[in-house]
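Numbering-wise (UniProt numbering), the sequence shown opens with residue 1 and increments by one.
For each residue, glycine too, the CB sits at the ideal point set by N, CA and C.
Since the structure comes first, as structure tokens, the remarks are kept for the end.
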Amino acid sequence: MRAVQVTEFGGPEVLIPAELADPVPGPGQVLIEVDRIGVNYADTHQAENSYLAPSKLPLVPGGEVVGHTSEGRRVVALLGDGGGYAERAVAAQAMAFPVPDGVDDLNALSMLVQGATAWILLRKNTHLEPGESVVVHAAAGGVGSIAVQLAKAWGAGRVIATASSEQKRNLALELGADVAVDSRAENMTDTLREANGGKRVDIVLDMVGGTTTDQSIAALAPFGRLAFYGMAGREQPKPIELRNLLGHSTTVTGMWLPHAFRLPGEVYGTALTELFDLVREGRLRAIAGGEHALADARAAHEALRSRGTVGKLLLDPRK
């Protein structure tokens with residue numbers, strides 16, 4: 001089968017098209033004929049071995065696919081150890097979810113990781129309450145574009161989007177944000193407070209890191225919450241001293257999606273069901289970020305790392 005393989009860690013240049021043997025499903029696994037592959041920012045970390053879970057060489061990157069089983073069932077699946085950048089992939093049966101009618105490949109893949117991430121950030125990490133202000137950094141991205149929509153649907157009082165270009169800010173406004181500000185603002189603390197009518201903000205969803213995180217924490221209101229779920233800027237925030245959290249009774253929380261699979265009560269499955277229902281009702285939509293041929297995976301990673309993309313990027317293994 002055609003695939004993309006990494007034999008040495010590094011940037012987008014290490015993504016090399018290759019011919020590999022078809023994967024063979026073991027007990028409790030299912031073989032999927034892949035129709036579309038989702039590209040995530042985490043894939044760029046996997047390729048350079050800077051992700052939370054260490055990578056092993058050689059590897060086929062990619063953690064999500066949508067396609068059909070040998071019985072003809074249409075499923076979207078999470079792949080625990082990669083293997084997604086290929087014409088065929090193997091997934092644990094428990095991680096292969098049926099895709100309902102009315103949900104296309106783009107939305108199925110977008111809800112699997114980005115949608116579930118936004119759902120958990122707002123429901124579990126920050127416990128959004130009606131009327132609260134919500135800041136969504138990288139609001140035109142895969143998670144951000146969905147988080148803006150969910151925050152509005154769930155009663156946020158004011159949704160403040162940040163993005164690096166006028167085009168991205170306009171998209172965030174189109175999706176329901178009340179105000180959109182430049183993510184390159186010199187002082188994000190003042191910018192966020194000004195965007196919130198001079199008041200401190202209640203919730204911040206942050207996947208940037210560095211000074212963006214530092215200044216966002218400083219913008220939090222009493223009992224405000226910042227949920228940290230990535231570091232796209234590849235810059236570490238300052239260490240947080242616990243005593244400084246007392247100043248405004250603030251909470252800083254982290255989220256890595258795989259931990260959601262360990263929660264009791266089928267939390268991840270509930271999130272996915274709710275998200276698919278919202279898509280079918282026309283109340284939630286994924287933003288197409290572009291589609292590349294499988295052999296052009298390198299270009300997809302370059303686009304992601306440049307932070308010039310919007311929405312969800314896909315690979316087509318049939319091209």
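Do residue i and residue j have their C-beta atoms closer together than 7 Å?
i	j	result
Gly-102	Arg-283	no
Gly-115	Ile-160	no
Val-65	Ile-32	yes
Val-4	Ala-185	no
Ala-108	Met-95	no
Asp-182	Ser-133	no
Leu-192	Val-135	yes
Lys-319	Ala-293	yes
Thr-253	Asn-170	no
Ala-288	Leu-150	no
Applying the 10 Å Cβ sphere with the 16-neighbour rule, what's the burial state of residue i?
i	result
Thr-7	exposed
Asp-104	exposed
Ala-180	buried
Gln-46	buried
Arg-88	buried
Pro-27	exposed
Pro-61	buried
Gln-167	exposed
Val-24	exposed
Ser-216	buried
Arg-158	buried
Ala-195	buried
Asn-187	exposed
Ser-249	exposed
Ser-306	exposed
Leu-263	exposed
Pro-317	buried
Asp-81	exposed
Ala-232	buried
Ala-156	buried
residue 367	In the structure as shown, the chain begins at 1 and stops at 319. Residue 367 is therefore absent and cannot be evaluated.
Assuming the contact rule is C-beta atoms closer than 8 Å, residue i and residue j should be a hit. Round their C-beta distance to whole Å, please.
i	j	result
Ile-37	Leu-314	6 Å
Tyr-41	Leu-226	Not a contact, Cβ separation roughly 19 Å.
Tyr-229	Leu-121	6 Å
Ala-118	Ala-139	Actually they do not touch by this definition, with Cβ atoms about 11 Å apart.
Pro-12	Glu-302	5 Å
Pro-130	Phe-276	Their Cβ separation, rounded to whole angstroms, is 24 Å, which puts Pro-130 and Phe-276 out of contact at 8 Å.
Ala-221	Arg-200	4 Å
Met-111	Leu-272	6 Å
Val-34	Ala-86	7 Å
Could you tell me which residues DSSP puts in a beta bridge with residue i?
i	result
Lys-312	Ala-288
Ser-133	Arg-158
Asp-182	Ala-163
Gly-282	Looking at the DSSP assignment, Gly-282 forms no beta bridge with any residue, so it has no partner.
Asp-206	Phe-228
Ala-77	Val-65 and Ala-96
Ala-91	Val-30
Ile-16	Gln-5
Leu-220	Val-201
Leu-59	Val-6
Consider the C-beta atom of residue i and the heavy atoms of the ligand MN; say whether any pair is separated by less than 6 Å.
i	result
Thr-162	With respect to the ligand MN, the structure shown offers nothing to examine, as it has no ligands at all.
Going by CA-CA distance only, name the one from the options that's closest to residue i.
i	options	result
Gly-311	Ala-153, Val-143, Val-65 and Val-179	Val-143
Gln-93	Ile-160, Ala-86 and Leu-79	Leu-79
Gly-197	Lys-56, Glu-302, Val-99 and Ala-219	Ala-219
Glu-235	Thr-250, Asp-296 and Val-208	Val-208
residue 326	Val-66, Lys-124 and Asn-49	Absent from the model: residue 326. The displayed extent of the chain is 1 to 319, so no value can be given.
Ala-172	His-137, Leu-122 and Asp-296	His-137
Gly-290	Arg-298, Val-76, Asp-277 and Thr-309	Thr-309
Pro-239	Val-201, Asp-214 and Pro-98	Asp-214
Ala-91	Ala-139, Asn-107, Leu-106 and His-68	His-68
Thr-211	Pro-237, Leu-192 and Val-204	Pro-237
Glu-71	Ala-53, Pro-54 and Val-30	Val-30
Val-14	Asp-43, Gly-63, Arg-2 and Leu-263	Asp-43
Ile-285	Pro-264, Gly-224 and Ala-153	Per the sequence presented here, residue 285 reads as Arg, with Ile not at that position. Nearest option by C-alpha distance: Ala-153.
His-259	Phe-9, Leu-20, Glu-19 and Ala-53	Ala-53
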